[in-house]
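Protein chains in written order, with the numbering used here: chain R, 15 to 154; chain U, 15 to 154. The C-beta atom is built at its ideal place from N, Cα and C for all residues, glycine as well. For clarity, every value in this text was computed on a predicted model and none was experimentally measured. Taking it in order: structure first as structure tokens, then the write-up.
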């Protein structure tokens with residue numbers, strides 16, 4: 015039976031996920047890539063080097079982030095956060111977000127870490143998705 | 015180092031994936047859900063009960079399907095197939111696709127299996143994504 019999960023259970027899925035999938039729109043087409051992100055209040059924080067998803071999100075900021083826990087085809091939970099892409103540009107805020115991301119995901123590449131620990135390095139884009147809708151379902 | 019994978023390695027990622035994420039566009043917004051699918055030639059086959067993704071794909075057939083193998087933030091592979099949603103309506107072809115899906119994913123819910131083994135049952139939508147572009151990258 016598929017059932018709808020409440021907001022708290024949806025948030026738990028985001029809190030425990032090691033990897034999420036970000037959906038955005040590139041030239042009118044859906045585009046999905048794996049990301050690491052952290053839920054804090056009403057925002058999902060992440061970072062990226064410049065590339066296709068960043069240029070797409072700058073053009074069309076609507077995004078969704080999906081996480082799941084799949085035990086089998088019989089037992090799974092999936093959550094989706096819909097929201098809007100925003101870039102974090104304040105140096106102090108950038109540094110704070112990056113520190114939290116690196117603590118949560120310690121295996122990030124050394125080069126990226128080195129660049130990013132300096133909150134001023136513009137090579138690293140720090141961004142967040144401002145969540146305006148959160149849905150989750152489970153099958154058990 | 016992130017490197018581009020060739021077509022054969024991209025296909026291997028689809029062949030070994032137990033779960034994929036389907037991206038489509040719902041009311042102008044990206045929407046991502048987990049699916050089970052099978053790659054055969056130039057098509058990714060899957061099935062679904064009627065719902066949001068099906069109504070969305072009937073309206074806007076552009077889709078992408080993403081799979082990945084993530085060992086850690088340091089070592090991962092991800093592939094994306096871009097293509098177009100098509101419904102499989104021929105009863106024989108529906109039955110053939112469903113049989114292959116149920117062999118590959120034996121834990122699908124009994125109710126769904128029972129309905130779907132009868133290729134004529136209209137409750138189950140059988141569909142495929144006709145791939146027009148396949149990309150994959152790895153970080154190792």
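Cβ-Cβ distance between residue i and residue j below 9 Å
{"i": "residue 153 of chain U", "j": "residue 17 of chain U", "result": "yes"}
{"i": "residue 36 of chain U", "j": "residue 143 of chain U", "result": "yes"}
{"i": "residue 75 of chain U", "j": "residue 84 of chain R", "result": "no"}
{"i": "residue 59 of chain U", "j": "residue 44 of chain R", "result": "no"}
{"i": "residue 115 of chain U", "j": "residue 30 of chain U", "result": "no"}
{"i": "residue 100 of chain U", "j": "residue 141 of chain U", "result": "yes"}
Buried/exposed call for residue i, threshold 16 Cβ in 10 Å
{"i": "residue 82 of chain R", "result": "buried"}
{"i": "residue 53 of chain U", "result": "buried"}
{"i": "residue 63 of chain U", "result": "exposed"}
{"i": "residue 69 of chain U", "result": "exposed"}
{"i": "residue 97 of chain U", "result": "buried"}
{"i": "residue 72 of chain U", "result": "exposed"}
Whole-Å CB distance - residue i paired with residue j, under 8 Å assumed
{"i": "residue 148 of chain U", "j": "residue 77 of chain U", "result": "That pair is no contact at about 13 Å."}
{"i": "residue 56 of chain R", "j": "residue 145 of chain R", "result": "5 Å"}
Beta carbon proximity, residue i to chain U, threshold 9 Å
{"i": "residue 37 of chain R", "result": "yes"}
{"i": "residue 77 of chain R", "result": "yes"}
{"i": "residue 46 of chain R", "result": "yes"}
{"i": "residue 117 of chain R", "result": "no"}
{"i": "residue 96 of chain R", "result": "yes"}
{"i": "residue 62 of chain R", "result": "no"}
{"i": "residue 55 of chain R", "result": "no"}
{"i": "residue 43 of chain R", "result": "yes"}
{"i": "residue 33 of chain R", "result": "yes"}
{"i": "residue 145 of chain R", "result": "no"}
Any chain R beta carbon closer than 9 Å to residue i
{"i": "residue 80 of chain U", "result": "yes"}
{"i": "residue 152 of chain U", "result": "no"}
{"i": "residue 141 of chain U", "result": "no"}
{"i": "residue 87 of chain U", "result": "yes"}
{"i": "residue 69 of chain U", "result": "no"}
{"i": "residue 137 of chain U", "result": "no"}
{"i": "residue 100 of chain U", "result": "no"}
{"i": "residue 30 of chain U", "result": "no"}
CA-to-CA distance, residue j to residue i, given in whole angstroms
{"i": "residue 87 of chain R", "j": "residue 113 of chain U", "result": "16 Å"}
{"i": "residue 118 of chain U", "j": "residue 22 of chain U", "result": "21 Å"}
{"i": "residue 61 of chain R", "j": "residue 33 of chain R", "result": "13 Å"}
{"i": "residue 40 of chain U", "j": "residue 80 of chain U", "result": "17 Å"}
{"i": "residue 28 of chain U", "j": "residue 89 of chain U", "result": "17 Å"}
{"i": "residue 92 of chain R", "j": "residue 25 of chain R", "result": "11 Å"}
{"i": "residue 103 of chain U", "j": "residue 38 of chain U", "result": "21 Å"}
{"i": "residue 150 of chain R", "j": "residue 42 of chain U", "result": "20 Å"}
{"i": "residue 105 of chain U", "j": "residue 66 of chain U", "result": "23 Å"}
{"i": "residue 15 of chain U", "j": "residue 15 of chain R", "result": "43 Å"}
{"i": "residue 120 of chain R", "j": "residue 120 of chain U", "result": "37 Å"}
{"i": "residue 137 of chain R", "j": "residue 137 of chain U", "result": "50 Å"}
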